[in-house]
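Below is one structure, written out as structure tokens; the observations come after it.
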């Protein structure tokens, strides 16, 4: 209940707005214990490694950005809880990405929902038909943003590294094995 | 011309009218009773509002229900076989009314006294299965079909232990005549056949619940699984007929139990007909009580109970009875 | 009479896309969307052979209201009432998840008293959710009475919550930085009375219902979901705990002040519907424990942080906040670009993942068992459809 926190995020007044432009404000804990970007062709390898490391699929969602669609996969673990998020950028003109249905069957519905809302095509999906929207609905997918409203990676994630990581690298394997939210628990 | 009609026919005809009045009256009382007892078990008042202050506690509720059912539009679903569709409720209720002809309500209150009264009743209650099957088939509705299929299996299966335990009692008394069976028992509880055949009583009660599709055996009309099963497509008077028929069969079953096991119209001080009605109503109350207490038995478990438990027990009962008689 | 009931080619899009198995003489039946025992508007296309289900495919979308688009169009305070409408049975949890996601992104510190109030009200809501689940499940199985008894307790708790939140079902009580209203002594006293009243009633529920042999036959060994299937589909909550994995977000990713309370995570490794049933019955008792501990140690102080933002504008970035709801793990993925409404808000509903395993689990079961399995999964379709 400490109100005397030196961080400038507390008081929403004019001083803070000036400071906002100078330094990106980072939340104490974003809920992610390992956050990485991936290339689309490496996705299945990474997900297979997560499956072997005993992770479960939380969800699959999508964010519409200037560079294209960012498909976001959230995974967590039962035995050593810690959240891993995989982000894959695909282009808007050709929005195709391999489906992870064969590894995690629960992704079937999540991917159908992304297909519904954004028009992302998951290759290898057994039954890519609309899940929530009316199948006879004519018109663009509803969650697409207008050109003027699109933001790019730096505007949305000012503090992250945006280069893709390779799932074969030791760093990836080490991170997912050690991924745990203990350190954030000790912080807060 | 009038003299040419035998008196038997006149007696039967008048008796049928009386029986229909009795069944109607019973239905009114039972509808109200069921809902009030349900309310009591659920710790709520039950029907309360219908009727002016001189008829308190919603006593006019059954009349309101009846009015509603009569006033509904009778429509036949498209594609349904309309002859069979409307024949089914009639086939359901007609035998129920006829069954009452041979039941002895009191020492001198029996319309027809035949030697095969029990056989007649068992035969007519079996027709109910046919009626429900027709209802499900003629509805042109998948849910109705499944409900009808379940009902046939259930009805046919549970008739067998029913017949076996009835046979036990018949062997003990030596007659199918209902009046003689009731007469053979004394006025006091320890002289009733329930003490000679307790297992038969329990089996008969369970089979009666199953034959009349009452909870916990009410799968053919399972509300939460098949949206009313075989009577999904019926409204208004069609539904009312099935409803009436179910209550009528319940009353018939209770009457038979009362006669076979509880001494029928025998009782200490009051005239027999009041004891008879009292016993029938106690049994009906128990059936209603069971309905609101237990969940539904699953279909294969239901058939398991019948084939694996009730039939062997009923056969055992019969063999023991025969052995005791022979000795 | 038209005897070709097998494949009704004049059906709608989903009926035409349904791929039946190769067997002949099977019946294709729609369970729902208006059906007494699918809790909400859920439609399941079944292919049945007599009483056995060969293939089941849920069809969703009958109550889809596009919450995620609404979030992008409305500002943060305008969107506050909406999350509770997704899962209206545990509305406070969804309300909390929304508010806490914004707080996490902005770094707001909620006062301790507000955290304790949030815990108490959320646990009370969890109890009402489980009570309704219990009553409705037994109603599906044909027992008409327990729902009346469950609603007795539920009404009392709803009355308690109504005094301070103003709503009985769809709550909008939490605000960014705290709660909107303080609790008073009468709330504390009534909650304590209700907790002590409920303890013997749980014993009655167990004696009358849980130990009833007809119920046990309908619920035991039905719907076996091994723990690995739960993992592949992302099932959480009582579905997972009934399969032997004691995973609870309150222990795995502690949020708010849950790490100060002493409570167990019930889990049974029978993997069947009975395991899930017992998990929920035990969870109600654990919730009562938490509430009593919270009431005993309730601190004084503010119920909302001073200078709480009325119209928050979180900085650019994204967060994920997870919460243990009555049905499982609720997740809010919030992407903000510094504007007054989110850039993207993804709601992760636990029922969505729980229902997706129904197709696999229901192969070869009886229809009556399918009804039992659906009931044991504790589905609220508006949460699944959002």
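Residue numbers (our numbering), protein chains in the order written: chain A, 22 to 209; chain B, 775 to 1101; chain C, 30 to 415. By construction, the Cβ of each residue, glycine as well, lies at the ideal position given by its N, Cα and C atoms. Just so it is clear, the structure is predicted and the values come from calculations on it, not from any experiment.
- Task: Closer than 7 angstroms by beta-carbon distance: list the chain C residues that pair up with residue 1075/B, in chain order.
- Result: Position 301 of the second chain holds residue 1075/B. The contacting residues are 246.
- Query: If you follow the alpha helix (DSSP H) that residue 176/C is part of, which residue opens it and which one closes it?
  - Reply: Stepping through the third chain from its first residue, residue 176/C is reached at position 147. Unbroken alpha helix (DSSP H) run through residue 176/C: 175-194.
- Applying a beta-carbon distance threshold of less than 7 angstroms, which residues of chain A neighbour residue 385/C? Here residue 385/C corresponds to residue number 356 of the third chain, with the count starting at 1. What residue 385/C touches in chain A: 127, 129, 130.
- Nearest residue (CA-CA) to residue 930/B, options 887/B, 822/B, 986/B, 878/B: The residue you call residue 930/B lines up with position 156 of the second chain. The candidate whose alpha carbon is nearest that of residue 930/B is 986/B.
- With DSSP run on the structure shown, which of helix, strand or coil describes residue 817/B? On the second chain, residue 817/B is found 43 positions in, with the first residue counted as 1. Three-state DSSP puts residue 817/B in coil, outside helix and strand.
- Per DSSP, what kind of secondary structure is residue 785/B in: helix, strand or coil? Within the second chain, the letter at position 11 stands for residue 785/B. Here residue 785/B sits in helix by DSSP.
- Task: Pull out every residue of the stretch 171-199 of chain C whose Cβ sits closer than 8 angstroms to any Cβ of chain B, in chain order.
- Result: 171, 172, 173, 174, 177, 178, 181
- Message: For residue 177/A, count the other beta carbons within 10 Å of its own beta carbon; 16 or more makes it buried, fewer makes it exposed. Which is it?
- Response: Position 156 of the first chain, counting from 1, holds the residue named residue 177/A. By the Cβ-count criterion, residue 177/A is buried, with 16 or more other Cβ atoms from all chains shown falling within 10 Å of its own Cβ.
- Query: Name the chain C residues whose beta carbon is nearer than 7 angstroms to that of residue 1067/B?
  - Reply: The residue you call residue 1067/B lines up with position 293 of the second chain. Near residue 1067/B (Cβ distances below 7 angstroms), the residues of chain C are 174.
- Inter-residue spacing [alpha-carbon to alpha-carbon] between residue 853/B and residue 60/C: Position 79 of the second chain, counted from the start, is the residue given in the question as residue 853/B. Position 31 of the third chain, counted from the start, is the residue given in the question as residue 60/C. Distance between the alpha carbons of residue 853/B and residue 60/C is about 21 angstroms.
- Grouping DSSP H, G and I as helix and E and B as strand, with all else coil, what is residue 132/A? Mapped onto the first chain, residue 132/A falls at position 111. In this structure, residue 132/A counts as helix in the three-state DSSP scheme.
- On a CA-only basis, which of 119/C, 127/C, 194/C, 143/C is nearest residue 161/C? Give me that one, please. Position 132 of the third chain, counting from 1, holds the residue named residue 161/C. Nearest C-alpha to residue 161/C: 119/C.
- Query: Between the beta-carbon of residue 1046/B and the beta-carbon of residue 826/B, is there less than 8 angstroms?
  - Reply: Your numbering for residue 1046/B matches position 272 in the second chain. Your numbering for residue 826/B matches position 52 in the second chain. Taking 8 angstroms as the Cβ cut-off, residue 1046/B and residue 826/B do not qualify as a contacting pair.
- Query: Should residue 100/A be labelled buried (16 or more other beta-carbon atoms within 10 Å of its own) or exposed?
  - Reply: Residue numbering aside, residue 100/A sits at position 79 when the first chain is read from its first letter. With fewer than 16 other Cβ atoms within 10 Å, it is exposed.
- Helix, strand or coil for residue 298/C, going by three-state DSSP, please let me know. The residue you call residue 298/C lines up with position 269 of the third chain. In the three-state reduction of the DSSP assignment, residue 298/C falls in the coil class, being assigned neither a helical nor a strand state.
- Item | Backbone secondary structure at residue 346/C - three-state DSSP | Against the third chain, residue 346/C aligns to sequence position 317. In the three-state scheme derived from DSSP, where H, G and I count as helix and E and B as strand, residue 346/C is classed as strand.
- Kindly list the residues whose CB is nearer than 6 angstroms to the CB of residue 189/A, restricted to its own chain and excluding five residues on each side of it in sequence; keep chain order. Locating residue 189/A in the first chain gives position 168, where the first residue counts as 1. Residues of the same chain with their beta carbon placed closer than 6 angstroms to that of residue 189/A are lacking, with the five preceding and five following residues left out of the count.
- Determine the DSSP secondary structure at residue 825/B, reduced to helix, strand or coil. Position 51 of the second chain, counted from the first residue, corresponds to residue 825/B. Residue 825/B: coil per DSSP, three-state reduction.
- Message: Let's test the definition: count the other Cβ atoms within 10 Å of the Cβ of residue 992/B and tell me whether it reaches 16, buried, or not, exposed.
- Response: As a first step, residue 992/B is located in the second chain; it is residue number 218 there, counting from the start. Residue 992/B is buried by the Cβ-count criterion.
- Query: For a contact meaning CB atoms closer than 7 angstroms, what does residue 84/A contact in chain C?
  - Reply: By 1-based counting over the first chain, the position of residue 84/A is 63. Residues of chain C passing the Cβ test: 364, 373.
- Considering only the beta carbon of each residue, do residue 322/C and residue 291/C sit closer than 8 angstroms? Counting from one through the third chain, the residue named residue 322/C turns up at place 293. Counting from one through the third chain, the residue named residue 291/C turns up at place 262. Yes. Within cutoff.
- Task: List the residues of chain A whose Cβ lies closer than 7 angstroms to the Cβ of residue 89/C, in chain order.
- Result: Translated into the one-based positions of the third chain, residue 89/C becomes position 60. Chain A residues near residue 89/C: 152, 153.
- Query: chain A beta carbons: is any one of them nearer than 8 angstroms to that of residue 369/C?
  - Reply: For the purposes of this step, residue 369/C is taken as the residue at position 340 of the third chain. For residue 369/C, the answer is no, since every Cβ of chain A falls outside 8 angstroms of its Cβ.
- Item | According to DSSP, residues forming a beta bridge with residue 373/C | Position 344 of the third chain, counting from 1, holds the residue named residue 373/C. Paired residue(s): 364/C.
- Task: Measure the alpha-carbon distance for residue 947/B versus residue 975/B and round it to whole angstroms.
- Result: If you number the second chain from 1, residue 947/B lands on position 173. If you number the second chain from 1, residue 975/B lands on position 201. Looking at the two C-alpha atoms, the distance is approximately 15 angstroms.
- Return the CA-CA distance between residue 145/C and residue 126/C, expressed in angstroms with no decimal places. In the third chain, residue 145/C corresponds to position 116, counting from 1. In the third chain, residue 126/C corresponds to position 97, counting from 1. Going from the Cα of residue 145/C to the Cα of residue 126/C covers about 15 angstroms.
- Give the straight-line distance between the Cα atoms of residue 907/B and residue 868/B, rounded to the nearest whole angstrom. Residue 907/B sits at position 133 when you count from the first residue of the second chain. Residue 868/B sits at position 94 when you count from the first residue of the second chain. Cα to Cα, residue 907/B sits roughly 16 angstroms from residue 868/B.
- Item | the stretch 973-991 of chain B: positions lying closer than 8 angstroms to chain C by Cβ | 989, 990
- Task: In the DSSP assignment, find the beta strand (DSSP E) that holds residue 1050/B and state where it starts and stops.
- Result: As a first step, residue 1050/B is located in the second chain; it is residue number 276 there, counting from the start. Run containing residue 1050/B: none in the beta strand (DSSP E); it sits in the alpha helix (DSSP H), 1046-1067.
- Task: Grab me the residues of residue 407/C's own chain with a C-beta within less than 6 angstroms of its C-beta, minus the 5 sequence neighbours each way, in chain order.
- Result: As a working note, residue 407/C is residue 378 in the third chain. For residue 407/C, where only same-chain residues beyond five positions count, the Cβ hits under 6 angstroms are 162, 356.
- Coarse secondary structure for residue 95/C, derived from DSSP in three states: In the third chain, residue 95/C corresponds to position 66, counting from 1. DSSP places residue 95/C in the coil class of the three-state scheme, outside both helix and strand.
- How would you list, in chain order, the residues of chain C whose beta-carbon sits under 9 angstroms from the beta-carbon of residue 178/A? The residue given as residue 178/A occupies position 157 in the first chain. Chain C residues near residue 178/A: 345, 346, 347, 364.
- Task: Would you please verify whether the beta carbon of residue 410/C is less than 8 angstroms from any beta carbon of chain B?
- Result: Translated into the one-based positions of the third chain, residue 410/C becomes position 381. Contact of residue 410/C with chain B is not assigned, every C-beta pair being separated by 8 angstroms or more.
- Through-space distance from residue 104/C to residue 173/C, alpha-carbon basis: The sequence position of residue 173/C within the third chain is 144, counting from 1. The sequence position of residue 104/C within the third chain is 75, counting from 1. Approximately 44 angstroms between the Cα atoms of the pair.
- Message: Do residue 350/C and residue 130/C count as a contact pair if the criterion is CB distance below 8 angstroms?
- Response: The residue labelled residue 130/C in the question sits at position 101 within the third chain. The residue labelled residue 350/C in the question sits at position 321 within the third chain. It is a contact, given that the beta carbons lie within the stated cut-off.
- Query: With a cut-off of 8 angstroms, do at least 3 Cβ pairs link the stretch 57-76 of chain A to the stretch 110-122 of chain A?
  - Reply: Contact between the stretch 57-76 of chain A and the stretch 110-122 of chain A is present, with at least three C-beta pairs closer than 8 angstroms.
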